[in-house]
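Each protein sequence line maps, in turn, to chains B and Y. Numbering-wise, the first sequence is residues 220 to 420 according to my numbering. Numbering-wise, the second sequence is residues 105 to 374 according to my numbering. Where a beta carbon is used, it is the ideal one built from N, C-alpha and C, also for glycine.
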Amino acid sequence: MSVENAPVVDVDEAAIPVEKKMYYRFESNDKKEFRVSELAIQQSETLNRLVEAMGYTSEDVENKPAIAIENIDGKTLKLVFQWCEHHKGEAIPVDDGSVPKIVEIPEFDAKLMDIDNGLLFKLIWAADYLNIVQLLNVSCKKVANMAQGKTPAQLRRVYLLPSDEEDEAAKRAAQEAQDPRAREVEEEFEERKRQGGNSFF
Amino acid sequence: MNIQRFPLTQLPVQCAKNVLQTMSPLQLVVYSLLSKKCKNQANSLKTPTKPMTVHFARGLVFTIYIQQDILRIGFYESRIQEEDKKQLSTPKKVSLAIQRGGRFVEKCIYSTNRHEVKEWVETLLFIFPESHDIWMNFVDQGFRFNLDPIKEIFPNIHKLSIAHTGNYAFNQSVLQKFLPVEDVTIQMDSFEHSRISHKFLIQDFTFTGVSVKVFPRITLNELLINNRESRIHGGVDFHRKDGTEATINISNRPGRKYFGIMVWHDHCVG
Chain B
220 MSVENAPVVD VDEAAIPVEK KMYYRFESND KKEFRVSELA IQQSETLNRL VEAMGYTSED
280 VENKPAIAIE NIDGKTLKLV FQWCEHHKGE AIPVDDGSVP KIVEIPEFDA KLMDIDNGLL
340 FKLIWAADYL NIVQLLNVSC KKVANMAQGK TPAQLRRVYL LPSDEEDEAA KRAAQEAQDP
400 RAREVEEEFE ERKRQGGNSF F
Chain Y
105 MNIQRFPLTQ LPVQCAKNVL QTMSPLQLVV YSLLSKKCKN QANSLKTPTK PMTVHFARGL
165 VFTIYIQQDI LRIGFYESRI QEEDKKQLST PKKVSLAIQR GGRFVEKCIY STNRHEVKEW
225 VETLLFIFPE SHDIWMNFVD QGFRFNLDPI KEIFPNIHKL SIAHTGNYAF NQSVLQKFLP
285 VEDVTIQMDS FEHSRISHKF LIQDFTFTGV SVKVFPRITL NELLINNRES RIHGGVDFHR
345 KDGTEATINI SNRPGRKYFG IMVWHDHCVG
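Here it is, written out as C-alpha cells:
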C-alpha cells in the first residue's frame with residue numbers, strides 16, 4: 220500500500236496522556252524558597268516520605284504554603300537540592316557494611332563540595348537529617364580525604380581531636396560542674412557503658 | 105603550612121563513623137594513634153583483614169592485606185638508627201603506604217614518631233583483630249635485630265619463614281627462639297653446609313616448606329626424621345628400608361623451579 224492510499228485517522232490530542240512533571244516547594248529556615256522535582260526528592264528518604272504522606276496535587280503545591288525545612292539554611296539547602304536534581308533517578312546505594320567503604324566522588328559532586336569546611340559541615344548535617352545516602356557518602360569521603368598524607372600531629376589539628384589527657388581533663392571538669400546527684404547519674408551511666416553500652420565519641 | 109580544620113567530633117555519631125569507614129587503612133592507622141577513643145572507634149569498624157606479615161630485613165616491615173590493598177608500615181629503613189633497631193624501641197622515622205595492583209597509591213612518611221614498635225604492634229592488632237595470626241619472616245640482613253625484644257613483642261607467632269639473614273648463628277637462634285610454631289618454611293642455605301639440626305626437625309609442625317637454593321646438602325635421613333604433616337600433589341613415590349614413604353616433586357616452570365621431598369609419616373596419611 221502506498222503512502223498516498225493509507226487511511227487517515229483523526230487523532231484526539233487531548234486523549235494522549237502528557238507526563239507532567241511535578242515540582243514541590245520547600246522553604247529553608249531563612250525563608251529561601253526552592254522548587255524541586257518529584258524525581259529529585261526521591262533521593263531524600265525523609266522528604267520522599269513527607270510528600271507521600273502529604274499527598275499533594277499539582278494545585279496543592281501551588282496554592283498551599285511551601286513545605287518548611289526548619290533546621291537547614293538556604294545556602295545549605297541550595298546545595299542539597301542541586302545535588303538531588305543532578306542525581307535524580309539514580310539508584311540509592313545500599314550499605315553492604317564493607318570496610319573500608321569504597322566511595323568515588325564524581326566531578327559534579329567535587330565541584331559542588333568545593334566549599335569552606337563550615338558549609339561542608341552543614342551539608343553533612345543536612346544530608347544526614349534528610350537521609351540522602353549518597354550525598355552523605357560523598358561528603359563524608361571528602362572529610363576522610365582531609366587525612367590523606369597527614370602525620371598524626373597534623374591529623375589531630377585537622378580534625379581538632381583531643382589527646383587522652385585532654386579527654387580526661389574535660390571529663391573531670393564536666394564532673395566537677397555537676398551537682399552530686401548528677402555526678403551519681405553520670406557514674407551510673409559510665410558503669411552501664413562498661414557493662415556493654417555503646418558510644419562513639 | 106595552612107591546614108584546613110574540620111570538627112569531626114561534632115558530627116552526628118553515624119556521620120563520624122561514615123567518615124572513618126571511608127578512610128583508607130593507612131588513614132585509619134594514623135587516626136587510631138591519636139588517642140584511646142580514636143583507637144576504640146577504629147576497632148569498632150571491624151575491618152576485615154588477612155593475617156599480619158612481619159619482615160625482618162635491613163629494616164622492619166609490617167604488611168597487612170585489606171581488601172584489594174596492602175597496607176605497608178616500615179621502620180628502620182634508613183641506614184642510621186642501628187642501635188635503636190636492635191632493641192625495637194622508638195623508631196623516629198615511620199613510612200606508611202598503601203599498595204594496590206603493584207603500585208603505591210598512598211604514602212605517608214614522617215620522622216616525629218613517638219610510639220615504640222610494641223605500641224605499633226598492639227595498635228595494629230587491636231584495630232585489625234583479624235590480623236592476629238602473625239607470619240614472621242627473616243630475610244637478608246635480618247640478623248641486625250636482637251631476638252629478645254622480638255620475642256617479647258611477638259610471644260606467639262603462627263608462621264615462621266627463614267631465609268639466609270647473613271649470619272648462620274642468628275638463623276639458628278631464630279629457630280631456637282621461635283619453635284615450635286604451627287608452620288615453618290626454611291630456606292636450606294640459611295644453615296651452614298645446608299644442615300638443620302635434628303632437634304629442630306623432630307618438632308611437631310603442621311607443615312614445613314623446605315625451600316632449596318643452589319646445591320642442597322640435606323640428607324634423606326634428615327628429611328625422613330622430620331615429624332611434620334604435609335600436603336602434596338603429584339610427584340614420584342619411593343620407600344626407605346623401614347617402609348617410610350616419601351615423594352619427590354620437581355617443578356621446572358619458568359619462575360617457579362623447585363625440588364621438593366615430602367616424607368609421609370603415619371600421621372601424615374589420612
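Item	Value
Which whole-angstrom value is the C-beta distance of Thr-295/B and Ala-259/B, which I expect to be below 8 Å?	So it is not a contact: roughly 16 Å between Cβ atoms.
For Val-362/B, which of Glu-387/B, Asp-333/B and Ile-351/B has the nearest alpha-carbon?	Asp-333/B
Taking only beta carbons into account, state which residues of the segment 257-287 of chain B come closer than 9 Å to chain Y, listed in chain order.	none
Using a C-beta to C-beta distance shorter than 7 Å, which residues of chain Y count as neighbours of Asp-315/B?	Ordered by position in chain Y, no residue passes the 7 Å Cβ test against Asp-315/B, which lies about 11 Å from the chain.
I need the DSSP call for Gly-163/Y, collapsed to helix, strand or coil.	coil
Please classify Ala-375/Y as buried or exposed, where buried requires at least 16 other C-beta atoms within 10 Å of its C-beta.	Look at the range of chain Y in this structure, 105 to 374, and you will see that residue 375/Y is not part of it.
Assuming His-268/Y and Ser-235/Y make a contact with CB atoms under 8 Å, what is their CB distance in whole Å?	Contact doesn't hold; Cβ gap of about 27 Å is too wide.
If you draw a straight line from the C-alpha of Ser-334/Y to the C-alpha of Pro-155/Y, how long is it?	Reliability of the predicted coordinates at Ser-334/Y is poor, the pLDDT of 49 falling under 50, and the value obtained from them is presented with this limitation in mind. Whole-angstrom Cα-Cα distance: 21 Å.
Output yes if chain B places a C-beta closer than 7 Å to the C-beta of Val-134/Y; else output no.	yes
Check the Cβ-Cβ distances between Asn-320/B and every residue of chain Y, and say whether any is below 7 Å.	Note on residue identity: the sequence assigns Lys, not Asn, to residue 320/B. Judged by the 7 Å Cβ criterion, Lys-320/B is in contact with chain Y.
Can you pull the chain Y residues whose beta carbon is under 9 Å from the beta carbon of Ser-382/B, in chain order?	Leu-138 and Ser-139
Taking C-beta pairs closer than 7 Å, name the residues in chain Y that Cys-359/B reaches, listed in chain order.	Cys-119, Asn-122, Val-123 and Thr-126
Any beta-carbon of chain B closer than 7 Å to the one on Gln-108/Y?	yes
With a 10 Å radius around its C-beta and 16 neighbouring C-beta atoms as the bar for buried, classify Asp-375/B as buried or exposed.	Residue identity check: residue 375/B is Arg in the sequence provided, not Asp. That one is buried.
Would you kindly check if the distance between the Cβ of Met-365/B and the Cβ of Val-357/B is under 7 Å?	no
So, under 8 Å CB-CB, Leu-264/Y and Phe-166/Y are touching, yes? Tell me the CB distance rounded to an integer number of Å.	16 Å between Cβ atoms; not a contact.
For Asp-292/B, which residues from the same chain have a beta carbon less than 6 Å from its beta carbon, with the 5 sequence-adjacent residues on both sides left out?	Ser-247, Asn-248 and Asp-249
Please give the ranges of any alpha helix (DSSP H) in the segment 285-348 of chain B, keeping only runs that are unbroken, at least 4 residues long and fully inside the region.	293-305, 326-331 and 336-348
Please classify Tyr-275/B: does DSSP put it in a helix, a strand, or coil?	coil
Helix, strand or coil: which one does DSSP assign to Lys-246/Y?	Reading off the sequence, residue 246/Y comes out as Gly, not Lys. Of the three classes helix, strand and coil, the one that applies to Gly-246/Y here is helix, per DSSP.
Can you list the beta strand (DSSP E) stretches of 3 or more residues lying completely in the segment 239-299 of chain Y, in chain order?	239-242, 263-266 and 287-291
Just mark Asn-275/Y as buried or exposed, buried being the case when its beta carbon has 16 or more other beta carbons within 10 Å.	buried
Listing by chain order, which chain Y residues have their CB less than 8 Å from the CB of Asn-356/B?	Asn-122 and Thr-126
Under 8 Å by Cβ, that's how I've got Glu-257/B and Tyr-243/B pegged, so tell me the actual separation to the nearest angstrom.	7 Å
Taking Cβ positions, are Ala-285/B and Glu-323/B nearer each other than 7 Å?	no
According to DSSP, is Gln-203/Y helix, strand or coil?	strand
What residues of chain B sit near Leu-383/Y, judged by a beta carbon separation below 8 Å?	The first residue shown for chain Y is 105 and the last is 374, placing residue 383/Y beyond what the model contains.
Just the Cα atoms here: how many angstroms apart are Leu-137/Y and Ile-352/Y?	50 Å
Taking only beta carbons into account, state which residues of the segment 194-214 of chain Y come closer than 8 Å to chain B, listed in chain order.	Glu-210, Lys-211, Cys-212 and Tyr-214
Please confirm if Pro-371/B has its CB atom under 7 Å from at least one CB of chain Y.	yes
Are the C-beta of Pro-284/Y and some C-beta of chain B separated by less than 7 Å?	no
Under 9 Å Cβ-Cβ, which residues of chain Y neighbour Asn-248/B?	Here the premise fails: no neighbours, minimum Cβ distance about 18 Å.
With a threshold of 16 other CB atoms inside 10 Å of the CB of Met-273/B, please say whether the residue is buried or exposed.	exposed
Hey, could you find the ends of the alpha helix (DSSP H) Arg-376/B is sitting in?	371-378
So for Lys-211/Y, helix, strand or coil by DSSP?	strand
Going along chain Y, which residues have a C-beta under 7 Å from Arg-375/B?	Leu-138
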